[in-house]
Amino acid sequence: MAADIRPKRPFRWHIAIFLAPAVLVYTAIMILPLAGTLQLSLFRNIDQHQVFVGLGNFRTLFGDPNWSVNFWNALRNNVWFFIIHMLVQNPIGVLLAALLSSPKLRFSAFYRTAIFVPTILSFVIVGFAWKLILSPLWGVAPHLLDFVGLKSLFTPWLGKEQYALTALSLVSVWQFIGIPMMLIYAALLSIPDEVIEAAECDGITGMSQFWKIKLPLILPSIGIISILTFVGNFNAFDLIYTAQGALAGPNYSTDILGTFLYRAFFGFQLQVGDPNMGATIATIMFLIILGGVCVYLFLIQTRLRRYQF
Amino acid sequence: MKTKLLTALLLGTSILGTAGVAYAEDVTLNIESWRGDDLSIWKDKLIPAFEAKNPGIKVVFAPSAPTEYDAALGAKLAAGSAGDLITCRPFDKSLELFKKGNLADLSSLPGMENFSPVAKSAWQTDDGKSSFCVPMASVIHGFIYNKDAFDKLGIKVPETRDEFFAALDKIKADGTYIPMAMGTKDLWEAATMGYQNIGPNYWKGEDGRAALIKGEQKLTDKDWVAPYEELAKWKPYLGDGFEAQTYPDSQNLFTLGRAAIYPAGSWEIGLFNTQAQFKMGAFPPPVEKAGDTCYISDHTDIGMGLNAASKHADAAKTFLSWVASADFATIYANALPGFFSLNSAPVKMADPLAQEFVSWRGKCKSTIRSTYQILSRGTPNLENETWVESANVINGTDTPEAAAKKLQTGLDSWYHPAK
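Residue numbers (my numbering), protein chains in the order written: chain A, 17 to 325; chain B, 948 to 1366.
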């Protein structure tokens, strides 16, 4: 640091002043609510008074079958939701980016835009549009399948316990495929031409060039995308809520942590909201995400650096 | 932000209202409501009718958005700026306001005698001693059918369950119509239009409901499982892909004339009258044998109470007594077909479908939805679980017995009626 070289310099107030707006705003809208949530989770409302119960709410969440069954179900569903994204969204994103960055492809700007557009659509529009597309009554899905003679494959996916979550995960993949595609595309473009030329001189072209040269170079980007996907998926709520409602039917088969939190915190229909239990679930979600991000930062990213220039 | 603005606006109007009193010697009453849809009915019909009879009292109907109503009302009551008259949600939400002292006790209000105990149950303390809102309207469950389809296929309106299923079989065999328009995607259709619609005939209306609350009956008893057994039999008569059919889908299927029978709530009448191009009729949930006593779900939905902090309590009580009168009932029920007055005095209605629905009150016994009073206060929430399990039973993913057992286990975990 420059300050270490010239130790006599007076304290530089302007740094603190310039940082202050960001620190204050961030504290006011992120740190304080977070601390408030953590605090709320340690209390319970008994006879209209907030009473400190320590980890009592967490014991209820994990120990009382009325809560724990729903919690584990939501967590399991959320993990599945994440797995689908990792297995489908990210590989396809990489593939699309690789295709787009090929110099031989024409209209690549058009494809890039078209694939990215769903990402900027509102969840409400996406949820509603897909509900209509997949509708057994007026949807285009049954007609399209009929067109190619595969009508027998159609079932009301969003209404079946065994398919609903996977179907919604794929809708979400459809919506967000643009993000890994754009990030990988940028990473691919930033690979220096010298590296590619050197590889060509060594006779590495085509597919093997992708696997041996480009893929290792974009691994850090893939890591970033994985962590973005992880955080996004464990915070997800909107799509399930718009497509399936707060009860995440059928039979809670699409219930993820976000919808579970919503029902607990705000209540639903005749169920009265319980902010303390809601905060407890929110705290667990925070810890899950924090844990996942830490694993990535300390175990994966440190290794990835070796591949970088 | 919006709520704040609204609060500010309403605060403004109430101040202006008070100012008005000082100048004109008139008392102005403000009504809090979530029924923005009814604004024109209040302004053009109800309020002029009241003001004509009660000179010196002015009434302002000031609704807020349904989703914001509870929060906005709570804030205004706390700030002391809420209107004099408060539209009451049924059961626990209003009960909470009463317990906090925000709603005045109306047990002795002239006009309350016009309502039956069932009608008042939604706005009473658990022991039934104090009433705090005047019941305004209820919705009745039953089945709406496509009269043209029934005539074409030569089907008589079913009275018993056997006739009901025979009719469904006949419609299915003919193939022109989907026998019944209902989906399980939104869950509540299965519970509200299914279980709560046909159930009262099995659990004998209020008798069963009261016994359940007292703990004398369980959801696993025969009377409570049987409606699930009937629901399970509905499955083959629903349209293709009913698992993903939403509530608006069901409405459209019926009003487009593609389905013959629609398990309904009377609130549909207004919409169906404008959309359906065919003649419609309605029948109450079929009973087991002809001549059995029939029971209907006549669910209390909306009431009106007095803000305990109101400065014009006497004028407000005059207004509430009028709300409890037959005059109000006639205007309200005709302006909003499908929302029936809870007044014991018979109300003349012009709409034939609404007339049909309300005529069942004469021959059947009324009850309210079994899960609404007291039983949905804990976790897991019985009403929400009933939605899920009713859909499961129709989808065939749970047997009626398993569904009932899950509901009872959930209820047992927090509800311990004093014996």
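All C-beta atoms, glycine included, are put in the ideal place defined by N, C-alpha and C.
| Of the residues that make up the segment 1301 to 1321 of chain B, which ones have a beta carbon closer than 8 Å to any beta carbon in chain A? | 1318, 1319
| How big is the Cα-Cα spacing for residue 270 of chain A and residue 187 of chain A? | As a working mapping, residue 270 of chain A is identified with position 254 in the first sequence. As a working mapping, residue 187 of chain A is identified with position 171 in the first sequence. Cα to Cα, the separation comes out at about 13 Å.
| query | With a cut-off of 9 Å, does the C-beta of residue 55 of chain A fall near any C-beta of chain B? | reply | Looking up residue 55 of chain A in the first sequence gives position 39. With 9 Å as the cut-off, residue 55 of chain A does not count as an interface residue toward chain B.
| task | Would you mind sorting residue 55 of chain A into buried or exposed? The rule is 16 or more other CB atoms within 10 Å of its CB. | result | Within the first sequence, numbered from 1, the residue matching residue 55 of chain A stands at position 39. Exposed, by the Cβ-count rule.
| message | With H, G and I counted as helix, E and B as strand and the rest as coil, what does DSSP make of residue 970 of chain B? | response | Within the second sequence, residue 970 of chain B is the residue found at index 23, counting from 1. Note on residue 970 of chain B: pLDDT 47, under 50, position unreliable in the model; no value is reported.
| request: Provide the residue span of the alpha helix (DSSP H) that contains residue 1302 of chain B, from first to last. | output: Here residue 1302 of chain B corresponds to residue number 355 of the second sequence, with the count starting at 1. Segment 1299 to 1310, the alpha helix (DSSP H) holding residue 1302 of chain B.
| message | Let me see if you follow: with CB-CB separation under 9 Å, is residue 1360 of chain B close to chain A or not? | response | Against the second sequence, residue 1360 of chain B aligns to sequence position 413. For residue 1360 of chain B, the answer is yes, since a Cβ of chain A falls inside 9 Å of its Cβ.
| request: Closer than 7 Å by beta-carbon distance: list the chain B residues that pair up with residue 177 of chain A, in chain order. | output: For the purposes of this step, residue 177 of chain A is identified with residue 161 of the first sequence, where counting begins at 1. For residue 177 of chain A, the chain B residues whose Cβ falls inside 7 Å of its Cβ are 1344, in order along the chain.
| request: Take residue 1060 of chain B as the anchor and find which of B:1272, B:1026, B:1346 has the nearest alpha-carbon. | output: Working through the second sequence from its first residue, we reach residue 1060 of chain B at position 113. Of the candidates B:1272, B:1026, B:1346, the one whose C-alpha sits nearest the C-alpha of residue 1060 of chain B is B:1272.
| request: Out of B:1189, B:1304, B:1237, B:1005, point me to the one whose CA is closest to residue 1342 of chain B's CA. | output: Position 395 of the second sequence, counted from the start, is the residue given in the question as residue 1342 of chain B. Nearest C-alpha to residue 1342 of chain B: B:1189.
| For the segment 275 to 286 of chain A, which residues have a beta carbon sitting closer than 9 Å to at least one beta carbon of chain B? | 279, 280, 283, 284, 285, 286
| task | Check each candidate in B:1230, B:1330, B:1214 and name the one with the smallest Cα separation from residue 285 of chain A. | result | In the first sequence, counting from the first residue as 1, residue 285 of chain A sits at position 269. Residue 285 of chain A has its Cα closest to that of B:1330, out of B:1230, B:1330, B:1214.
| request: Measuring alpha carbon to alpha carbon, tell me which of B:992, B:1191, B:1034, B:1286 ends up nearest residue 172 of chain A. | output: Start at 1 with the first residue of the first sequence, and residue 172 of chain A comes out as number 156. The shortest Cα separation from residue 172 of chain A among B:992, B:1191, B:1034, B:1286 belongs to B:1191.
| request: Express the C-alpha separation of residue 1052 of chain B and residue 971 of chain B in angstroms, rounding to a whole number. | output: Working through the second sequence from its first residue, we reach residue 971 of chain B at position 24. Working through the second sequence from its first residue, we reach residue 1052 of chain B at position 105. Residue confidence is low: residue 971 of chain B scores 48 on pLDDT, short of 50, so the model does not pin down where it sits. No coordinate-derived value is stated.
| query | How would you list, in chain order, the residues of chain B whose beta-carbon sits under 9 Å from the beta-carbon of residue 160 of chain A? | reply | Sequence index remark: in the first sequence, residue 160 of chain A carries index 144 (1-based). None at all; the shortest Cβ gap to chain B is about 15 Å.
| said: Quick check on the burial criterion: 16 or more other C-beta atoms within 10 angstroms. Buried or exposed for residue 1304 of chain B? | reply: As a position in the second sequence, residue 1304 of chain B is number 357, starting the count at 1. That one is buried.
| field | Other residues of its chain near residue 1251 of chain B: CB distance less than 8 Å, five sequence neighbours each side excluded | value | The residue given as residue 1251 of chain B occupies position 304 in the second sequence. Answer for residue 1251 of chain B: 978, 1032, 1033, 1034, 1035, 1080, 1081, 1083, 1267, 1270, listed in chain order.
| request: State yes or no: is the C-beta of residue 272 of chain A within less than 9 Å of the C-beta of residue 297 of chain A? | output: Along the first sequence, one-based indexing puts residue 272 of chain A at 256. Along the first sequence, one-based indexing puts residue 297 of chain A at 281. Contact flag unset, no.
| message | Here's the rule I'm using: 16 or more other beta-carbon atoms within 10 Å means buried, otherwise exposed. How should residue 989 of chain B be labelled? | response | Here residue 989 of chain B refers to the residue found at position 42 when the second sequence is read from its first residue. Buried.
| Got a sec: which bits of the segment 1192 to 1203 of chain B sit with their beta carbon under 9 Å from any beta carbon on chain A, in order along the chain? | 1192, 1193, 1196, 1199, 1200
| task | Along the beta strand (DSSP E) that carries residue 1227 of chain B, what are the first and last residues, could you check? | result | Against the second sequence, residue 1227 of chain B aligns to sequence position 280. Unbroken beta strand (DSSP E) run through residue 1227 of chain B: 1227 to 1230.
| message | For residue 223 of chain A, count the other beta carbons within 10 Å of its own beta carbon; 16 or more makes it buried, fewer makes it exposed. Which is it? | response | Taking the first residue of the first sequence as position 1, residue 223 of chain A is located at position 207. Under this definition residue 223 of chain A is an exposed residue.
| query | Are residue 1232 of chain B and residue 1088 of chain B close, meaning C-beta to C-beta below 9 Å? | reply | Looking up residue 1232 of chain B in the second sequence gives position 285. Looking up residue 1088 of chain B in the second sequence gives position 141. In this structure, residue 1232 of chain B sits near residue 1088 of chain B, with a CB-CB distance shorter than 9 Å.
| request: For residue 1146 of chain B, collect the residues of the same chain with a Cβ closer than 7 Å to its Cβ; drop the 5 residues on either side in sequence, then sort them by chain order. | output: Translated into the one-based positions of the second sequence, residue 1146 of chain B becomes position 199. Counting only Cβ-Cβ distances below 7 Å, and skipping sequence neighbours, we find 1174, 1317.
| DSSP-derived helix/strand/coil call for residue 991 of chain B | Here the question's residue 991 of chain B lines up with position 44 in the second sequence. The answer is helix: DSSP assigns residue 991 of chain B an H, G or I state.
| Could you give the residue range of the beta strand (DSSP E) that holds residue 66 of chain A? | Within the first sequence, residue 66 of chain A is the residue found at index 50, counting from 1. Unbroken beta strand (DSSP E) run through residue 66 of chain A: 65 to 68.
| Proximal chain B residues relative to residue 151 of chain A, where beta-carbon distance stays under 9 Å | Within the first sequence, residue 151 of chain A is the residue found at index 135, counting from 1. Those are 1188, 1191, 1192, 1193, 1196, listed as they occur along chain B.
| Who are the near neighbours of residue 194 of chain A in its chain, counting only those whose CB is closer than 6 Å to its CB and skipping five residues on each side? | The count along the first sequence starts at 1 and reaches residue 194 of chain A at position 178. Same-chain partners within the cutoff: 131, 132, 135.
| field | Under 7 Å from the C-beta of residue 892 of chain B: neighbouring residues of chain A | value | The structure shown has nothing for residue 892 of chain B, since chain B only spans 948 to 1366.
| request: Have a look at the DSSP bridge pairing and note the partners of residue 1004 of chain B. | output: Your numbering for residue 1004 of chain B matches position 57 in the second sequence. For residue 1004 of chain B, which the question treats as bridged, DSSP gives the partners B:974.
| For residue 1280 of chain B, the nearest candidate out of B:1291, B:1311, B:1151, B:1296 (CA to CA) | Locating residue 1280 of chain B in the second sequence gives position 333, where the first residue counts as 1. The candidate whose alpha carbon is nearest that of residue 1280 of chain B is B:1296.
| message | Below 8 Å on C-beta distance, what does residue 1134 of chain B contact in chain A? | response | Residue mapping note: residue 1134 of chain B aligns to position 187 of the second sequence, counting from 1. Result: 261, 263, 265, 266.
| What is the residue span of the alpha helix (DSSP H) that residue 1146 of chain B lies within? | Translated into the one-based positions of the second sequence, residue 1146 of chain B becomes position 199. It spans 1143 to 1150 - the alpha helix (DSSP H) in which residue 1146 of chain B sits, taken as one unbroken run.
| request: With 9 Å as the threshold, decide whether the Cβ of residue 81 of chain A is near any Cβ in chain B. | output: Numbered from its first residue, the first sequence carries residue 81 of chain A at position 65. Answer yes: the Cβ-Cβ gap between residue 81 of chain A and chain B drops below 9 Å somewhere.
| So which residues on chain A does residue 1252 of chain B lean against when the C-beta distance must stay under 9 Å? | Mapped onto the second sequence, residue 1252 of chain B falls at position 305. Scanning chain A for C-beta atoms nearer than 9 Å to the C-beta of residue 1252 of chain B yields nothing, as the closest lies near 19 Å away.
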